Amino acid sequence: MLINDPRRRRVLIDSDVANEADDQFALVHALLSPTLDIRGIIPAHFGTKRTNESMRASRDELNRILELMDMTGVVTVADGAPAALPSETEPVDSPGARLIIDEARRPDAGPLFIAFLGPLTDMASALLLAPDIADTDTTVIWIGGAPYGDIEFAGTWPEFNLRNDIASANVVFASGLTIWQVPSNVYRLVNVGYAELRRRVEPHGAIGPYLAQGVVDFNTAHNPVPIESRSLGDSPAIALMIEPFSGNMRIQPPVRFTADGRYEAAEEGGEVRVVEQMDVRFLLEDMFAKIAEFGESGRSAD
Numbered sequence: 038m039l040i041n042d043p044r045r046r047r048v049l050i051d052s053d054v055a056n057e058a059d060d061q062f063a064l065v066h067a068l069l070s071p072t073l074d075i076r077g078i079i080p081a082h083f084g085t086k087r088t089n090e091s092m093r094a095s096r097d098e099l100n101r102i103l104e105l106m107d108m109t110g111v112v113t114v115a116d117g118a119p120a121a122l123p124s125e126t127e128p129v130d131s132p133g134a135r136l137i138i139d140e141a142r143r144p145d146a147g148p149l150f151i152a153f154l155g156p157l158t159d160m161a162s163a164l165l166l167a168p169d170i171a172d173t174d175t176t177v178i179w180i181g182g183a184p185y186g187d188i189e190f191a192g193t194w195p196e197f198n199l200r201n202d203i204a205s206a207n208v209v210f211a212s213g214l215t216i217w218q219v220p221s222n223v224y225r226l227v228n229v230g231y232a233e234l235r236r237r238v239e240p241h242g243a244i245g246p247y248l249a250q251g252v253v254d255f256n257t258a259h260n261p262v263p264i265e266s267r268s269l270g271d272s273p274a275i276a277l278m279i280e281p282f283s284g285n286m287r288i289q290p291p292v293r294f295t296a297d298g299r300y301e302a303a304e305e306g307g308e309v310r311v312v313e314q315m316d317v318r319f320l321l322e323d324m325f326a327k328i329a330e331f332g333e334s335g336r337s338a339d
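Numbering (the numbering used here), first residue to last: 38 to 339.
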C-alpha cells in the first residue's frame with residue numbers, strides 16, 4: 038500500500054513512564070505513527086509513594102524503551118519537573134516546561150497537541166513561566182480526573198493523575214487553553230487480557246516481549262486480587278492525536294478541583310471537551326498492527 042501524504046500533526050508527549058505498565062504502550066504507539074511529528078517526550082514525576090525520584094525513574098524507563106526500539110537519539114527528550122507545584126502560583130522550571138513553551142511559541146508551525154499521561158505539572162509550569170502561550174493554538178489532551186456526574190468511581194481517591202498535582206490541574210483548567218479530558222471511567226475501558234498480549238504483542242521484535250511481560254509483572258507486584266488483564270489507560274491520548282474523531286466528546290462548563298479531588302464550578306477558564314467514549318477497536322488494532330509491522334521490518338510505516 039503506497040502512502041505518500043506528507044502531512045503530519047505536531048505533538049509533544051508528557052509521560053510518567055515508570056509509574057505503571059500502560060504508558061509504555063502509548064509511547065510505542067506514538068513512535069510508530071507516521072502522521073505524528075513528535076517534537077519531544079517529557080518524562081514526568083508520579084508522586085513520592087514508591088520513590089522520591091519518580092521523574093528520574095520515568096527518564097530511565099523511557100531510555101529503555103527507546104533503546105529496545107533502536108530509537109535512542111531519534112526523538113528529543115527533555116526532563117520534566119521532579120515534583121508537583123508548591124502552589125497554583127509557583128512553577129517548577131524544567132527543560133520539559135521550556136520545551137512546551139518553545140513549541141507553543143513557534144510562529145507559523147500550525148496547531149500543537151500535547152498529551153499528558155500523568156500529572157499536569159509541566160503544562161502548568163509552562164503557563165506560569167510564559168502566560169502568553171495560553172493564547173496559542175495548543176490543545177492539551179489529559180488522561181486524568183474522576184468521572185463526572187453520578188458515574189461510580191473505581192480506584193483510589195482522588196484519581197491518581199489528578200492526585201499527584203491538583204494545583205497544576207487548576208492552573209491548566211483556568212488558563213483558557215483547549216482541553217480534551219479523558220476521565221477515569223473512559224480510560225479504564227481500554228482493557229487487554231494476557232492471552233491477547235501473548236498473541237498480538239509478545240511475538241514481535243524486542244519491544245513486544247518487554248511490553249507484554251511488563252503488564253504481567255506490574256499486576257503481580259501491585260494488584261491485590263487475581264487478575265489476567267490490565268487497562269492500557271494512557272493510550273486514548275495517542276488515538277485522539279492520530280484521529281481526533283476516535284472519541285465522542287461533550288462540552289463541560291469550566292471547572293476546578295477541590296483539595297480532595299472533586300469537581301466544582303469555576304468562574305474562570307474555558308469549556309472542557311470531556312471524552313465520554315473511545316473507539317477502542319481502532320485504538321488497539323492500530324497499535325497492535327503497528328507493533329507487528331515494526332517487529333517484522335524494524336521500522337515504522339512511512
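Every residue gets a Cβ at the ideal spot worked out from N, C-alpha and C, and that includes glycine.
Predicted, not measured: the structure shown is a model, and the values here were computed from it.
Pick from the options that is closest to residue i, judged by C-alpha positions
i: ARG44; options: ILE279, ALA206, ALA191, LEU226; result: ILE279
i: ASN285; options: VAL292, ARG293, PRO291, ALA276; result: ALA276
i: PHE210; options: PRO291, ASN198, ASN56; result: PRO291
i: GLY307; options: VAL65, ASN207, ALA118; result: ASN207
i: ALA183; options: LYS327, THR295, HIS66, PHE282; result: THR295
i: VAL48; options: LEU136, ALA161, ARG235; result: LEU136
i: GLU239; options: ALA146, ALA329, ASN100, GLY133; result: ALA329
i: ASP297; options: ARG310, ILE188, ARG200; result: ARG200
i: LEU214; options: ILE203, VAL177, TYR224; result: VAL177
i: THR72; options: GLU305, PRO281, GLU304, SER334; result: PRO281
i: TRP179; options: SER334, ILE50, LYS327, SER70; result: ILE50
i: ASN260; options: PRO144, ILE188, THR193; result: THR193
Nearest-angstrom Cα separation, counted from residue j out to residue i
i: ASP53; j: SER124; result: 20 Å
i: LEU166; j: LEU103; result: 30 Å
i: ARG87; j: ASN41; result: 46 Å
i: LEU105; j: GLY186; result: 42 Å
i: ALA232; j: ASP323; result: 18 Å
i: GLU127; j: PRO195; result: 22 Å
i: GLN250; j: PHE153; result: 24 Å
i: ALA63; j: PHE255; result: 16 Å
i: ASN198; j: GLY84; result: 9 Å
i: LEU320; j: ALA58; result: 17 Å
i: LEU226; j: VAL252; result: 16 Å
i: PRO288; j: ILE216; result: It is Ile, not Pro, that sits at residue 288 in the sequence shown. Roughly 10 Å separates the two Cα atoms.
i: GLU90; j: ALA81; result: 10 Å
i: ASP139; j: GLY133; result: 10 Å
i: GLU265; j: VAL65; result: 22 Å
i: LYS327; j: ILE203; result: 35 Å
Secondary structure of residue i, DSSP reduced to three states
i: THR257; result: helix
i: MET286; result: strand
i: ARG318; result: helix
i: PHE83; result: coil
i: ASN100; result: helix
i: ASN340; result: Because the chain in this structure spans residues 38 to 339, residue 340 falls outside the shown range and cannot be described.
i: SER70; result: coil
i: ASP172; result: helix
i: ASN41; result: coil
i: ALA152; result: strand
i: ALA302; result: strand
i: SER272; result: helix
i: GLY245; result: helix
Nearest-angstrom beta carbon gap, residue j and residue i [assumed within contact, 8 Å]
i: PRO156; j: ALA121; result: 7 Å
i: ASN222; j: SER268; result: About 11 Å separates the two Cβ atoms, so there is no contact after all.
i: ALA94; j: ALA118; result: Their Cβ separation, rounded to whole angstroms, is 14 Å, which puts ALA94 and ALA118 out of contact at 8 Å.
i: VAL219; j: VAL114; result: 24 Å between Cβ atoms; not a contact.
i: SER283; j: ASP316; result: 4 Å
i: THR158; j: VAL129; result: 6 Å
Same chain, Cβ closer than 6 Å to residue i, five either side skipped, listed in chain order
i: PHE325; result: ARG237
i: GLY332; result: HIS241, GLY242, GLY245
i: SER212; result: LEU164, ALA171
Contacting residues, own chain, Cβ-Cβ under 8 Å from residue i (five flanking each side not counted)
i: ALA141; result: LEU149, ALA163, ALA167, ILE170, THR173, THR175
i: VAL112; result: LEU68, ILE75, GLY77, ILE78, LEU103
i: GLN61; result: VAL54, GLU98, ILE102, TYR247, LEU248, GLY251
Cβ neighbours of residue i in the same chain (closer than 7 Å, five flanking residues each side left out)
i: TYR342; result: The structure shown has nothing for residue 342, since the chain only spans 38 to 339.
i: LEU234; result: ALA249, VAL252
i: ALA274; result: ALA63, ALA152, LEU154, ILE178, ILE180, VAL219
i: ILE188; result: ASN222
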